[in-house]
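FYI, the numbering for the sequence shown is 5 to 372, going by the numbering used here. Glycine included, C-beta positions come from ideal geometry on N, C-alpha and C.
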Amino acid sequence: MDRQKTIVRTSIIGILANVFLAGFKAAVGLLSNSISIVLDAVNNLTDALSSVITIIGAKLSTKPADKKHPLGYGRVEYLSAVIIAVIVLYAGISSIVESIKSIIEPETPEYTPIGLLIIAVAVAVKIILGTYVMRTGKKVNSDSLTASGKDALFDSIISASVLFAAAIYLIWGVSLEAYLGVVISIFIIKAGLEILRDTISQILGERIDSELSKDIKRELCTYDNVFGAYDLILHSYGPETFIGSVHIEVPETMNASELDALERRVTTDIASKYGVILTGISVYSVNLADPETDRLFHAIHDELTAKEYILQMHGFNLDKSTGTVTFDLVISFDVKDREKLYSEVLEQLKESYPEYTFCITLDSDISD
């Protein structure tokens, strides 16, 4: 609730500031016949609309889970960021059209000292507002708020460029209004595309934050009888909701009752400390107390991890009754052909250890 209140309060501040600036800029732009100032005012209105959408998204994202959406509505915030991106793109495309029209049919601007003073104040306001909104967005992990803050900082540059064009006109009598409008429009479109790109990337599913991944794995390894934690997969259902699974290495001597108690304790602790719900905890049974298993593990581990692009091997197990060796092999995404490297490793092990049968699972570099 505190997070939602922070987002709403910050967005309201943004709305009030942008509406105030848009009104003054529109009046100055129309009176001075300045296309760039009018476009700057329109841009402020789109910022205000973005803040409204951010508020709506924050409100909807906190709706309680229901039968149709059992994991809640947290992903609504991603959709609100997409809408903001579309609004920014629309503003950019519309402004570039108007700017090109002004190049074809130019009009002479008429700047006034009061108008230029208002634009100068707007630059300062936008810098302060943008910095505040962006920092708050990062603090509460709100993509929509962060995007709005970045857009506001960018607007300060646009307003500063309007002042620059006015200075050029007043000193040398050269009007750069329409051309400046084209440049501004291009940057607005670029900003919209970047917001859209980043949000779609998150919807597709990005790599888990490195620090979070390392912290959770490190925490898991502090429990008795947990020798390693691997294959941590987290699915985001909003900035504050993560659900996923993990593999842990435990002694093969642990019984079902002991595993059940361990998994229940781990699930409760990780959810409480990191806000991550581990719905699945799978186990790798480990028997390194056996001399043959221990020797074989270290020999294969040293041989494989010395290779480029092989990041890790885990879940090692030797079934002495059948001579079958099983483990997971993590190969980096940086290699051009992961399947080819996997096949080469398999053939190499067969040649080096013909007395064993190898069952290797090709694993992905999912998390740090």
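Review point. Can you give, in chain order, each stretch of the alpha helix (DSSP H) that sits fully within the region 205-291 and has at least 4 residues?
Key: 214-224 and 260-278
**Study point:** Selection from L157, V137, I162 and I161 that minimises the alpha carbon distance to T150
**Key:** Per the Cα distances, V137.
Check your understanding: Exposed or buried, which one is S286 when buried takes at least 16 other CB atoms within 10 Å?
Key -> exposed
**Study point:** Run of the beta strand (DSSP E) containing H318, from where it starts to where it stops
**Key:** Note, H318: beta strand (DSSP E), I314 to D323.
Review point. When the Cα atoms are used, what is the spatial distance from T309 to V125?
Key: Near 60 Å, if we compare the C-alpha coordinates of V125 and T309.
**Study point:** Residue(s) in a DSSP beta bridge with S368
**Key:** I335
Review point. What do you get for H302, buried or exposed, if any count of 16 or more other CB atoms within 10 angstroms of its CB means buried?
Key: The residue in question, H302, is exposed, as its Cβ has fewer than 16 Cβ neighbours within 10 Å.
Practice item. State the start and end residues of the unbroken alpha helix (DSSP H) segment that holds H302. Key: In the DSSP assignment, H302 falls within the alpha helix (DSSP H) that extends over P295 to T309.
Check your understanding: With 16 other CB atoms within 10 Å as the buried threshold, where does K130 fall?
Key -> buried
Check your understanding: Is the number of C-beta pairs between the region 315-325 and the region 261-280 that are closer than 8 Å three or more?
Key -> no
Review point. Which residue or residues does DSSP assign as beta-bridge partners of A328?
Key: First, the amino acid is wrong: residue 328 is Thr here, not Ala. DSSP output for T328 lists D323 and T361 as bridge partner(s).
Point to revise | Limits of the unbroken alpha helix (DSSP H) element including L167 | key: D147 to W176
**Study point:** Among D70, F28 and T326, nearest to V127 - alpha-carbon criterion
**Key:** F28
Practice item. Quick one: using the 10 Å Cβ neighbour count with 16 as the cut-off for buried, is N48 buried or exposed? Key: buried
Review point. What is the rounded straight-line gap between the Cα of S15 and the Cα of S217?
Key: 31 Å
Point to revise | Neighbourhood of V144 by C-beta distance below 7 Å, restricted to the same chain and skipping five residues each side | key: R7, T10 and I11
**Study point:** For L236 and S371, believed in contact at Cβ under 8 Å, the rounded distance
**Key:** 5 Å
Check your understanding: Given D323, which residues of its chain have a CB within under 7 Å of its CB, disregarding the five upstream and five downstream residues?
Key -> none
Practice item. Please name the residue, chosen from K344, S356, F231 and E359, that lies closest to L366 on a Cα-to-Cα basis. Key: K344
Exercise for review: Could you check the C-alpha separation between S84 and H73 for me, to the nearest Å?
Suggested key: 18 Å
**Study point:** Buried or exposed by the 16-neighbour rule on C-beta atoms within 10 Å, applied to N22
**Key:** buried
Review point. Considering only residues of the same chain and omitting the five flanking positions on each side of V329, which have a CB-CB separation below 6 Å?
Key: Closer than 6 Å at the Cβ level, and outside the excluded window around V329, lie L322, Y360 and F362.
Check your understanding: Nearest to D338 by CA position, among T326, E355 and E312, is which residue?
Key -> Looking at the Cα atoms, E312 is the closest of the given residues.
Practice item. Please classify A95: does DSSP put it in a helix, a strand, or coil? Key: helix
Check your understanding: So what does DSSP say about N37, is it helix, strand or coil?
Key -> coil
Point to revise | Under 8 Å between C-beta atoms of S36 and G119 | key: yes
Check your understanding: Can you give the Cα-Cα distance for T203 and S146, rounded to whole angstroms?
Key -> 11 Å
**Study point:** Alpha-carbon spacing of L224 relative to Y234, whole angstroms
**Key:** 10 Å
**Study point:** Presumed contact (8 Å Cβ cut-off) between V166 and I172, rounded CB distance
**Key:** Wrong, their Cβ atoms sit about 11 Å apart, outside the cutoff.
**Study point:** Pairwise C-alpha distance: D294 and D228
**Key:** If I take the Cα positions, the gap works out to 20 Å.
Review point. How many angstroms separate the CA atom of L263 from the CA atom of T257?
Key: 10 Å
Review point. Thinking C-beta only, is D51 closer than 8 Å to D155?
Key: yes
Check your understanding: Which residues in the same chain have their Cβ closer than 6 Å to the Cβ of M5, if we skip the five residues on either side of it in sequence?
Key -> Interpretation of M5 is limited by its pLDDT of 49, a score under 50 that renders its predicted location unreliable; the figure taken from the coordinates is listed afterwards. There are no such residues.
Point to revise | Boundaries (first-last residue) of the alpha helix (DSSP H) holding K71 | key: From DSSP, K71 is part of no alpha helix (DSSP H); its letter is neither H nor E.
**Study point:** Which listed residue (L208, L266 and L25) has its alpha carbon closest to that of L238
**Key:** L208
Practice item. On a CA-only basis, which of A169, A26, A89 and I17 is nearest Y115? Give me that one, please. Key: A169
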